[in-house]
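*Asks:*
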Amino acid sequence: DVQMTQSPYNLAASPGESVSINCKASKSISKYLAWYQQKPGKANKLLIYDGSTLQSGIPSRFSGSGSGTDFTLTIRSLEPEDFGLYYCQQHNEYPWTFGGGTKLELK
Amino acid sequence: QVQLQQSGAELVKPGSSVKISCKASGYTFTSYDMHWIKQQPGNGLEWIGWIYPGNGNTKYNQKFNGKATLTADKSSSTAYMQLSSLTSEDSAVYFCARVDYPGPLDYWGQGVMVTVSS
Chain A
1 DVQMTQSPYN LAASPGESVS INCKASKSIS KYLAWYQQKP GKANKLLIYD GSTLQSGIPS
61 RFSGSGSGTD FTLTIRSLEP EDFGLYYCQQ HNEYPWTFGG GTKLELK
Chain B
1001 QVQLQQSGAE LVKPGSSVKI SCKASGYTFT SYDMHWIKQQ PGNGLEWIGW IYPGNGNTKY
1061 NQKFNGKATL TADKSSSTAY MQLSSLTSED SAVYFCARVD YPGPLDYWGQ GVMVTVSS
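Residue numbers (my numbering), protein chains in the order written: chain A, 1 to 107; chain B, 1001 to 1118.
(1) Check Q1062/B in the structure and name its three-state DSSP category.
(2) What first and last residue would you give for the beta strand (DSSP E) that runs through L114/A?
(3) Would G68/A count as contacting chain B if we go by Cβ distances under 8 angstroms?
(4) Counting only beta-carbon atoms, is T97/A nearer than 8 angstroms to chain B?
(5) Between the alpha carbons of T101/A and L1045/B, how many angstroms are there, rounded?
(6) Quick one: grab the DSSP three-state call for D1100/B.
(7) Got a sec, what are the start and stop residues for the beta strand (DSSP E) T1030/B sits in?
(8) Where in the stretch 38 to 107 of chain A do unbroken runs of the beta strand (DSSP E), each at least 3 residues long, occur, reported from the N-terminal end onward?
(9) Chain A partners of F1095/B, CB-CB under 9 angstroms?
(10) Look up E1010/B in the DSSP assignment and say whether it is helix, strand or coil.
(11) So what's S1016/B in DSSP terms, helix, strand or just coil?
(12) Output yes or no for whether 8 angstroms exceeds the beta carbon distance between Y86/A and I21/A.
Following this line, the structure appears as structure tokens:
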């Protein structure tokens, strides 16, 4: 199985700041990496897929980059609603696997 | 709009089985894969498998072979997952999520908490 290592585990930031979350695959997954946001009481939300493609309806302050084994999610100018949990997931081969998650907290 | 409405929380006894549902609306149910994902308290996400409601084809994570069984009812646009021989390790939130193959999980249900306890 492809192991997905996500970092950092915790991240504290203030509204208006920019942050980056990293995801490393144990082998090449080409471009097939997705990012999700998880918040209590809400359905998980797809943000980015295929490494850098913004899902419809997601604000442009979210961006993704990378290919092969190393990927990054960047959120520019944090809004209050951006705080929550973020997961990466490879959709290149089965079984699909997820990173361990990053908790983005208000500083 | 696409919606996946999952059934309510379950409290079940060790050794028993449970069947949870995921009712789809806002799209053609038979044209998209339905995936299932497990999240244990404080833990990350684990992919269980998928079913294609159009023909009933399934694929499972080997780890869940014999544990999870995926089915779908086209007449009610509802996907089901049955979990058998339950233990405390099966206590988790279970999500359904749609996939527009070969893409990612683009819409998720709200999750169902299954608690296994005597």
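The C-beta atom is built at its ideal place from N, Cα and C for all residues, glycine as well.
Quantities reported herein were computed from a predicted structural model and do not represent experimental measurements.
*Replies:* Reading from the atomic positions:
(1) Against the second sequence, residue 1062/B aligns to sequence position 62. Three-state DSSP puts Q1062/B in a helix.
(2) A query on residue 114/A cannot be resolved here, the shown segment of chain A reaching from 1 to 107 and no further.
(3) Position 68 of the first sequence, counting from 1, holds the residue named residue 68/A. For G68/A, the answer is no, since every Cβ of chain B falls outside 8 angstroms of its Cβ.
(4) Your numbering for residue 97/A matches position 97 in the first sequence. Yes - at least one Cβ of chain B is within 8 angstroms of the one on T97/A.
(5) Within the first sequence, residue 101/A is the residue found at index 101, counting from 1. Within the second sequence, residue 1045/B is the residue found at index 45, counting from 1. At residue 101/A the sequence reads Gly, which differs from the Thr that was named. Roughly 9 angstroms separates the two Cα atoms.
(6) In the second sequence, the residue the question calls residue 1100/B occupies position 100. Coil at D1100/B, not helix or strand.
(7) Translated into positions along the second sequence, residue 1030/B becomes position 30. Where T1030/B is concerned, there is no enclosing beta strand (DSSP E), given that its DSSP letter is neither H nor E.
(8) 45 to 49, 62 to 67, 70 to 75, 84 to 90 and 102 to 106
(9) Residue 1095/B sits at position 95 when you count from the first residue of the second sequence. Residues of chain A passing the Cβ test: A43 and N44.
(10) Stepping through the second sequence from its first residue, residue 1010/B is reached at position 10. Reduced to three states, the DSSP call for E1010/B is strand.
(11) To locate residue 1016/B, count along the second sequence from 1; it is residue 16. Coil.
(12) Residue numbering aside, residue 86/A sits at position 86 when the first sequence is read from its first letter. Residue numbering aside, residue 21/A sits at position 21 when the first sequence is read from its first letter. Cβ atoms of Y86/A and I21/A: closer than 8 angstroms.
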